[in-house]
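Quick note on the working numbering: the sequence shown kicks off at 56 and runs consecutively. The structure appears right after this line, and notes come after that.
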Amino acid sequence: MTDPSAIEIRAAVEVLRAGGLVAFPTETVYGLGADASQPDAVRRVFTVKGRPADHPVIVHLAEAGALGEWAAAVPPAAVILTAQCWPGPLTVVVRRAAHVPDEVTGGLETVGLRVPDQPVALALLREFAKEGAGGIAAPSANRFGRVSPTTAADVRADLGADVDVVLDGGECRVGVESTIVDCTGDEPAILRLGGLSRERIEDLLGHPVPVRRGGNGAADVRAPGTLVSHYAPSAQVLLVDLASVSRVAEDALARGLTVGVIGEKLPGDLPAGATVLARPEDDADYARHLYRHLRAADAADLDTVLAVVPAEVGIGAAVADRLRRAAGLGT
Ligand code: TXA
Ligand code: MG
Numbered sequence: 056m057t058d059p060s061a062i063e064i065r066a067a068v069e070v071l072r073a074g075g076l077v078a079f080p081t082e083t084v085y086g087l088g089a090d091a092s093q094p095d096a097v098r099r100v101f102t103v104k105g106r107p108a109d110h111p112v113i114v115h116l117a118e119a120g121a122l123g124e125w126a127a128a129v130p131p132a133a134v135i136l137t138a139q140c141w142p143g144p145l146t147v148v149v150r151r152a153a154h155v156p157d158e159v160t161g162g163l164e165t166v167g168l169r170v171p172d173q174p175v176a177l178a179l180l181r182e183f184a185k186e187g188a189g190g191i192a193a194p195s196a197n198r199f200g201r202v203s204p205t206t207a208a209d210v211r212a213d214l215g216a217d218v219d220v221v222l223d224g225g226e227c228r229v230g231v232e233s234t235i236v237d238c239t240g241d242e243p244a245i246l247r248l249g250g251l252s253r254e255r256i257e258d259l260l261g262h263p264v265p266v267r268r269g270g271n272g273a274a275d276v277r278a279p280g281t282l283v284s285h286y287a288p289s290a291q292v293l294l295v296d297l298a299s300v301s302r303v304a305e306d307a308l309a310r311g312l313t314v315g316v317i318g319e320k321l322p323g324d325l326p327a328g329a330t331v332l333a334r335p336e337d338d339a340d341y342a343r344h345l346y347r348h349l350r351a352a353d354a355a356d357l358d359t360v361l362a363v364v365p366a367e368v369g370i371g372a373a374v375a376d377r378l379r380r381a382a383g384l385g386t
């Protein structure tokens, strides 16, 4: 696979300028992008995704220097985190600049901003920023409620002809979405666990940073990534530990169900009838391929997926979060 050429990037920029939709790779998942300064183009993103219109989308920027063009105020925590972690799997929520359309913010006074760490994304963003404000509004490039895409083929399979251009940057390196940090309050708070660890954020800020779970606390915050139904495949996902996975698999098979298993260090006594979807070698590997495994479970028409939850340390916390949501347990 070779990355898109300068000509393809240029063509994608023209599509964005004309109000079209461009799917592009980031280090986390693929995004479905539109020119963030064109309300009609952003509305098209919502239509294609089938997503409620009052949900905010993240604006992707070419560089941290553009932060001040999109934010009305940049609190100290946002300065520290973006200086250290951008480009990277971090989204900061800050007060929006006056020109940011309601379509982008879902009518909120805040906006989510991020500089992705992916060469194709950065090439697209830099070319786009040569003229005009240069922000690309992009949610994950999947239909609402479905598993996020981590390859260009996933995007095409889910969105088909509804997207004008799909830039192929290969498989996403991180595999779960960015960590979202709300920097608008007195103390920063994590709204969604993701590719940047909570430990790293706390190290940089020098104090504990709470995770505001569920997204139903502040009336001001609407985060579809926090909905219970999100990130769920059709198969029923059950969370298990290493000690019980073989027994739970036996029970499910005995009830006539087809069973898939995902987990690090799976035991040797798994029943032969169970399909091993993956044995990730570590938590980063688990994160990178998690959505692919959930998709594979659906492709194989499995009834049940038994997922062994990793320890909630580093990126393992984001994997555990997505597995709980896939299991319909919330966060
Ligand atoms: O890694 C990612 O963040 C990927 C790639 C494409 O950048 N994008 C992504 O977008 O996951 P999306 O729309 O699927 O999820 C973005 C989350 C949503 O839960 C949204 O509600 C939240 O960010 N969000 C965006 N702006 C916000 C704001 N102003 N306040 C609170 N939450 C916000
Ligand atoms: Mg999403």
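Here a beta-carbon is modelled for each residue, glycine too, at the ideal position from N, C-alpha and C. These numbers were taken from a predicted model, which means no experiment stands behind them.
Taking the C-beta atoms as reference points, G230 is found no nearer than 7 Å to T206. Put simply, the segment 215-225 does not touch the segment 332-346. Fewer than three CB pairs are less than 8 Å apart.
Counting every other CB atom within 10 Å of its CB across the protein chains shown gives V331 a total below 16, marking it as exposed.
A96 sits close to G74, with the two beta carbons spaced by under 7 Å.
Comparing C-alpha distances from R247 to each of V364, L297, R377 and V300 shows the shortest one belongs to R377. If you check the C-beta of A133 against the ligand TXA, you find no heavy atom less than 6 Å away. Fully contained in the segment 332-367 are the following alpha helix (DSSP H) runs of length 4 or more, in chain order: 338-354. DSSP lists no beta-bridge partner residue for G323. Annotation: the continuous alpha helix (DSSP H) that includes A138 extends over P131 to C140. For G215, the three-state secondary structure derived from DSSP is helix.
D237 counts as buried, since no fewer than 16 other beta carbons sit within 10 angstroms of its beta carbon. DSSP places A78 within a strand segment (E or B) once states are collapsed to three.
Between the ligand TXA and the CB of I235, the shortest heavy atom gap is smaller than 6 Å. About 10 Å separates the Cβ atoms of R150 and T160, ruling out a contact at the 8 Å cut-off. In the displayed model, R181 falls within a helix according to three-state DSSP. A distance below 7 Å separates the beta carbons of V147 and A133. In this structure, T81 sits away from A208, with a CB-CB distance that is not shorter than 7 Å. Leaving aside the five residues that flank P365 on each side, the residues in its chain whose CB is nearer than 7 Å to its CB run, in chain order, E319, D338, Y341, G371, V374 and A375. Cβ-Cβ distances below 7 Å link P142 to V170, P171, D172 and L177 in the same chain, with the five nearest sequence neighbours on each side left out; the list follows chain order.
Under the three-pair Cβ rule at 8 Å, the segment 88-107 counts as touching the segment 185-203. A333 sits close to I317, with the two beta carbons spaced by under 7 Å.
Residue pairing by DSSP places H154 opposite no residue, since no beta bridge is assigned to it. At the C-beta level, V300 and V363 come within 7 Å of one another. Put simply, the backbone Cα of A67 is about 6 Å away from that of V77. Taking the Cα of W125 as reference, the smallest distance to any Cα among V155, E254 and G215 is reached at V155. Taking the Cα of E158 as reference, the smallest distance to any Cα among A128, R201, V202 and R106 is reached at R106.
About 11 Å separates the beta carbons of L361 and L297, which is beyond the 8 Å limit, so they are not a contact pair. Our two residues, D109 and L163, have alpha carbons roughly 9 Å apart in a direct line.
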